[in-house]
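Residue numbers (the UniProt record's numbering): 1 to 124.
Here the structure is laid out as structure tokens; the discussion comes afterwards.
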Amino acid sequence: MEEDRTKLQALSEALQKYQDDLQTAIEARQKLEAQQQENQAVQKEFVSLADDAGIFKLVGPVLLKQDKTEALSAVQGRLEFIGKEISRIEAKIQELQEGSEKKRVDLMQLQQKLQIAAQEQGGG
């Protein structure tokens, strides 16, 4: 019985870790999605600009002039990177959800076992 209680505690802690990791991954995905939206907005702005328009990039405390092609390429590269990161995070979220669900089921089964054992002890 004591072994089951120890196992119950370990399962509870493992489930909590899964849930914490899942929350962290969801927050990371939300940040990436916000970055993706910002970069898509910048990309739309660049497309509407004339080819000879002045585009400046902030590097530390300095604004550096950048040509449109270079700026568009940089934004496209960031969008590709962000897209890959979102896919990676979504796979991690799926994995964490599955692991969390398995731990939850294991926890419920062990709780039932302990309840039955307690009833048998109390009734017998």
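Note that CB positions come from ideal geometry on N, CA and C, so glycine has one too.
Would you list the one or two residues that DSSP bridges to Leu64?
-> Lys57
Have a look at Gln76, Gln97, Leu107 and Glu2 and flag the residue whose alpha-carbon is nearest the alpha-carbon of Val42.
-> Gln76
How about Leu72 and Phe46: are their beta carbons less than 7 Å apart?
-> yes
Thinking C-alpha only, which one of Gln16, Phe81 and Val59 is nearest Asn39?
-> Phe81
Quick one: any contact between the region 59-72 and the region 82-91, if contact means 3 or more CB pairs under 8 Å?
-> no
Which whole-angstrom value describes the C-beta separation of Leu79 and Leu15, a residue pair presumed to lie in contact below a C-beta threshold of 8 Å?
-> That belief does not hold up - the Cβ atoms of Leu79 and Leu15 are roughly 36 Å apart, past 8 Å.
Smallest Cα separation from Asp51: which of Thr6, Thr69, Glu95 and Ala118?
-> Thr69
If we ignore side chains and look at the alpha-carbon of each, how far apart do Lys103 and Ala53 end up?
-> 57 Å
Continuous alpha helix (DSSP H) stretch holding Asp51: start and end | Taken as a continuous stretch (DSSP letters only), Asp51 belongs to no alpha helix (DSSP H), as it is neither H nor E.
Out of Tyr18, Ser48 and Arg5, which has the shortest C-alpha to C-alpha gap to Glu95?
-> Tyr18
For Lys31, I'd like the list of residues in its chain whose CB is within less than 6 Å of its CB, leaving aside the five on either flank, ordered along the chain.
-> none
To the nearest angstrom, how far is it from the Cα of Leu58 to the Cα of Asp20?
-> 36 Å
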